[in-house]
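Have a look at the structure below before the remarks.
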Amino acid sequence: MSITTTETAIEVAETGPLEARVYRRPKALRSAPLVLHLHGGAFCNGSMDEYPAIPKLLAEAGAVVVSTEYPLAPEQQFPGSLQTIFAALKTLHKTRDQWAGKTSRIYVAGEEAGGNLAAGLAMIARDQHTPTLAGQILLSPMLDPCLATRSVRQADAGAAGCKWADGWQHYLGSADKASHPYASPLGATRLAGVAPALIVTAQDDPMRDESLNYAERLQQSGVFVRSHVLPAPTAWPGALCCCDCTSQDWAIALRDQFVQFFADCAALLRPTASPQLLPT
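Per the numbering used here, the very first residue in the sequence shown carries number 1; after that it's consecutive.
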C-alpha cells in the first residue's frame, strides 16, 4: 500500500519547533483519525527515522500520522520532556485542520518508551480536560520502572546493564519520581476517565506482563480496552524499529488491530439515540 511522507515541524512555544514527519495515504479522508506518534528508544535513544514501521502501519489503517522527535533523557528528564510533548499535542489539536480535517479525532500512539509517554499524555489530557482524545495506542509500552515482572525476568533483563533499567534511571533522574502516575502509569491509583486504549504486546515481549496488567487495570476502572498478544517469535520491542515492517509476520495482524480500534472508538463517540418513552 502506497504511503506518502512529508517533512514538517510542530510548533511548541516553550521550546521551539519539534521535527516531525507526516504519514498518510495519497487520498486520505479529511475526517481520518489524526495520530501523534512517539518513537521508542528507552527514553534515551531513538528517532523518528529509526521507528517508521508503526507510523506506516497506522497510515495504512486509514490514519494521518504525525511522528515527532521529542527531548531525550538525560538532557531533559521527567516531567520536562513530557510537558514538551503535551504542548506539541495541544498544537496538533488546535491545528488539526492543517494536518487532516476539522472533524478528525485525535489519538496518541507509541512503542516502548513512546508507549509510556502516550499513556502519560492520556492522563494529562484527562486531568486538564483538553485536548479530548479519541484513543491511546500502546505497543510494548514501558509502564513499570520496577522491572520485576515474570516476562522481564524471562528475558534476562535484570537491573544491571539493562537498557530499560538505564533508560528509566536517566528519564526519572531520582527514585521519588517513579511514584508519579504520569511517569509510571502502571502504578497510578486513578485510571478512570482516560481515553480508550489499544494495548498490544507479544508472547516473547519483555513488557508483556506489565502491558497486560495495565490493560486489566484500565478495564477495572471502566475504560474501554482492546488488548492483543501476538504469537512468538516477534523479537518485540526491538523489532518495532524495523524499517521494512511489511516483512514482519506480525505486521498484518497489527494493522488489523489498528483498523478495528479506530472503528471501536468511532462507535464509542457516536451519539446515541434518545431513549424511547414506553407507554404507561
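All C-beta atoms in this analysis are idealised placements derived from N, C-alpha and C, irrespective of residue type, glycine included.
Apart from the five residues on each side of it in sequence, which residues of its chain come closer than 6 Å, Cβ to Cβ, to Pro233? Same-chain partners within the cutoff: Asp204.
Span separating the alpha-carbon of Lys90 from that of Ala175: Their backbone Cα atoms lie some 29 Å apart in a straight line.
In the DSSP assignment, what are the bridge partners of Gly135? According to DSSP, which records beta bridges pairwise, Gly135 is partnered with Tyr107.
Cα separation between Gly158 and Asp166? Its pLDDT being 49, under 50, Gly158 is placed unreliably in this model, and the value from its coordinates should be taken loosely. Rounded to whole angstroms, Gly158 to Asp166 spans 10 Å at the Cα level.
Mind reading off the beta-carbon distance from Ser67 to His37? Whole number of angstroms is fine, and I expect it under 8 Å. At roughly 4 Å, the Cβ-Cβ gap stays under 8 Å, so Ser67 and His37 are in contact.
Are at least three pairs of beta-carbons, each pair with one atom in the stretch 70-83 and one in the stretch 251-271, less than 8 Å apart? Cβ pair count under 8 Å is below three, so no.
If contact is defined by three or more beta carbon pairs under 8 Å, each pair taking one atom from either stretch, is the stretch 188-203 in contact with the stretch 127-143? Touching, yes, given that three or more Cβ pairs across the two stretches are closer than 8 Å.
Thinking C-alpha only, which one of Ala53, Gly193, Ala267 is nearest Gly110? Checked all of Ala53, Gly193, Ala267; the closest Cα to Gly110 is Ala53.
Runs of alpha helix (DSSP H) lying entirely within the stretch 15-69, each at least 4 residues, in chain order: If only uninterrupted alpha helix (DSSP H) runs of at least 4 residues are considered, those enclosed by the stretch 15-69 are 53-60.
Are three or more beta carbon pairs between the stretch 173-193 and the stretch 70-79 nearer than 8 Å? Yes: at least three Cβ pairs fall under 8 Å.
Taking 9 Å as the threshold (C-beta atoms), are Phe258 and Leu92 in contact? No; because the gap between Cβ atoms is not below 9 Å, this pair is not in contact.
May I have a chain-ordered list of the alpha helix (DSSP H) segments no shorter than 4 residues that lie completely inside the stretch 187-265? Complete alpha helix (DSSP H) runs here, min 4: 208-220.
I need the straight-line Cα distance from Tyr214 to Gln128, nearest angstrom please. Rounded to whole angstroms, Tyr214 to Gln128 spans 22 Å at the Cα level.
Measure from the alpha carbon of Ala266 to the alpha carbon of each residue in Pro33, Lys56, Glu14, Pro131, then state which is nearest. A check of alpha carbon separations from Ala266 across Pro33, Lys56, Glu14, Pro131 identifies Pro33 as the nearest.
Which residues mark the beginning and the end of the alpha helix (DSSP H) in which Thr84 is found? Note, Thr84: alpha helix (DSSP H), 80-94.
According to DSSP, Ile10 sits in a beta bridge with which residue or residues? BP columns for Ile10 point to Leu18.
Under a Cβ-count criterion, where at least 16 other Cβ atoms within 10 Å of its own Cβ denotes burial, should Ser247 be classed as buried or exposed? By the 16-neighbour rule on beta-carbons within 10 angstroms, Ser247 is exposed.
Span separating the alpha-carbon of Asp264 from that of Val225: Between Asp264 and Val225, the C-alpha separation is close to 10 Å.
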